[in-house]
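Chains as they are written, first to last, in numbering that gives the first Met the number 0: chain C, 0 to 157; chain Y, 0 to 157. Quick notes on the structure that follows.
2 protein chains.
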Amino acid sequence: MTASKRERQHAILELIGTREIGSQEELRQLLLKHGWDVTQSTLSRDLRDLRIARVPTDRGLRYVAGAEGAMEDGGRAPLAALLPQLMVRLDGVAHQIVLRTVTGSAQTVAHALDREASPDILGTIAGDDTILMICRSEQARERVARRLALLARRPGRT
Amino acid sequence: MTASKRERQHAILELIGTREIGSQEELRQLLLKHGWDVTQSTLSRDLRDLRIARVPTDRGLRYVAGAEGAMEDGGRAPLAALLPQLMVRLDGVAHQIVLRTVTGSAQTVAHALDREASPDILGTIAGDDTILMICRSEQARERVARRLALLARRPGRT
DNA sequence: ACTGAGAATGCATACTAATGCTACTTAGCG
DNA sequence: CGCTAAGTAGCATTAGTATGCATTCTCAGT
């Protein structure tokens, strides 16, 4: 599958945002449990693509994703550039959308969202890795969610 | 020399802030020019101490100091350990739960919540002493709320 | 369908980093 | 002094990561 690369990299982002992962082999095992069976080589390349760094922490080396890689100019990057890199998951209920991002990037993405000034969106609230978007209606929510999902898919245009 | 360690690490920080360094051997060569002659082992330990990460950039792997390493928060305690101490009040409407914590602890608790990766929870957003949790449904909310209430009661099991 | 261009991946291996162990230096103490 | 404990750093080795090359897979164009 061609699409699997993107999905896999997404899974990687989510795993790394959620747990503490210290080696590619460790990551490989986790991915296995989720149905992906790839070699360390592939992971090395994925981590490079995703700009995921290995940083020393109190508890040893850990992989962490950062916004640095995706941000072309300080915080002014368009949504289309940010989402593929930073969005981890998208979901919603009623007139609300919850958008999960790589840890630490919620503010950045929310900012980009605000700059879009969509009439469908009443406002956004961002924490560390989660953004809550209040939409004008359920229909509005659907529109927005669809668009975001699309933007997140490829490094394409608006 | 004993005191040289501190100086050397200082030099390392400066070098890394100034040039693009991609390997410990490279760093070693630079230090040599500045009068320090140490082995790769030592540099590995220095870089660990300084929390310097190796991140993939456009031009290959580079060592960078700071941000990511410093951003690293330490509170990785499990929910069961946190809640009895930090949760103040629990309430909810529709598919949302509002969890009040001791002032300043919301981020910590929210983080622990995220790490649980419950399918019932779309996401959490934390302020200073309040966490908003968006659940997948009202039923999900009830499940989550019940569980949280239980966990908060005492240092019990997951 | 057939085919050439690229993308994606695995394999084997080169490269780089982390670490157990030992030695040495220094400071404090009897 | 001689001894011990703490802190550093080197050496040798292991652990872990990156990458050249070959193969396989996709897909557009014919």
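A virtual CB, placed ideally from N, CA and C, is assigned to each residue, including glycine. Being a predicted model, the structure only gives us computed values, none of them experimental.
query, result
"Between L147(Y), V63(Y), S136(Y), which has its C-alpha nearest R90(C)'s C-alpha?", "One point to set straight first is that residue 90(C) is Asp, not Arg, in the sequence displayed. Ranking L147(Y), V63(Y), S136(Y) by Cα distance to D90(C) puts S136(Y) first."
"Once DSSP output is grouped into helix, strand and coil, what is the label at A144(C)?", "helix"
"Taking L26(C) and L14(C) to be in contact with their CB atoms under 8 Å, please state how far apart those CB atoms are, rounded to whole angstroms.", "7 Å"
"With contact counted as at least three CB pairs below 8 Å, one residue from each stretch, are the stretch 127-144 of chain Y and the stretch 82-98 of chain Y in contact?", "yes"
"Listing by chain order, which chain Y residues have their CB less than 9 Å from the CB of P55(C)?", "L46, R47, D48, L49, R50, I51, A52, G68"
"Any Cβ of chain Y within less than 8 Å of the Cβ of V175(C)?", "Because residue 175(C) is not part of the residues shown, which for chain C are 0 to 157, the question remains open."
"List, in chain order, every chain Y residue whose beta-carbon is nearer than 8 Å to that of D128(C).", "D113"
"Given a cut-off of 8 Å, decide if S104(C) and L85(C) are closer than it, judged by their beta-carbon atoms.", "yes"
"With a threshold of 8 Å between beta carbons, is V92(C) in contact with chain Y?", "yes"
"What does T123(C) touch in chain Y if you count any residue whose Cβ is under 7 Å from its own?", "Here the premise fails: no neighbours, minimum Cβ distance about 10 Å."
"Determine whether the beta carbon atoms of R99(Y) and D128(Y) lie at a separation below 8 Å.", "yes"
"Using a beta-carbon distance below 8 Å, is T17(C) in contact with chain Y?", "yes"
"Quick one: give me the first and last residue of the beta strand (DSSP E) that A125(C) is part of.", "120-125"
"Applying a beta-carbon distance threshold of less than 8 Å, which residues of chain Y neighbour L131(C)?", "G122, I124, L131, I133"
"From L29(C) to R18(C), what distance separates their C-alpha atoms?", "10 Å"
"Taking V108(C) as part of the alpha helix (DSSP H), name the residues at either end of that continuous run.", "105-115"
"Quick check on the DSSP output: the beta strand (DSSP E) that includes D45(C) runs from which residue to which?", "Note, D45(C): premise wrong, no beta strand (DSSP E); alpha helix (DSSP H) at 39-48."
"Using the rule of at least 16 other Cβ atoms within 10 Å of the residue's Cβ for burial, across every protein chain shown, is T56(C) buried or exposed?", "buried"
"Can you tell me which of E115(C), R58(C), R47(C) puts its alpha carbon nearest to the alpha carbon of L78(C)?", "E115(C)"
"Can you determine whether any heavy atom of the ligand ADP sits closer than 7 Å to the C-beta of D45(Y), and answer yes or no?", "No copy of the ligand ADP occurs in the structure displayed, which carries no ligand at all."
"Given this structure, state the Cα-to-Cα distance separating L147(Y) from S3(Y), to the nearest angstrom.", "52 Å"
"For a test of the three-state rule: what should DSSP assign to T102(Y), helix, strand or coil?", "coil"
"Which class does P83(C) belong to by DSSP, given the choice of helix, strand or coil?", "helix"
"For H33(C), collect the residues of the same chain with a Cβ closer than 7 Å to its Cβ; drop the 5 residues on either side in sequence, then sort them by chain order.", "A10"
"For a cutoff of 8 Å on Cβ pairs, would you count Q8(Y) as touching chain C?", "no"
"Could you give the first and the last residue of the continuous alpha helix (DSSP H) run that contains R5(Y)?", "3-17"
"Along chain C, which residues have their Cβ under 7 Å away from the Cβ of A109(Y)?", "G126"
"When the Cα atoms are used, what is the spatial distance from D113(Y) to A151(Y)?", "17 Å"
"Among residues of its own chain, excluding the 5 on either side of A139(C), which ones have a beta-carbon nearer than 6 Å to its beta-carbon?", "D119"
"Please classify R58(Y): does DSSP put it in a helix, a strand, or coil?", "coil"
"Name, in chain order, the residues that DSSP records as bridge partners for A52(C).", "V63(C)"
"Go ahead and pull the three-state DSSP assignment for R88(C).", "strand"
"Which residues mark the beginning and the end of the beta strand (DSSP E) in which I133(Y) is found?", "129-134"
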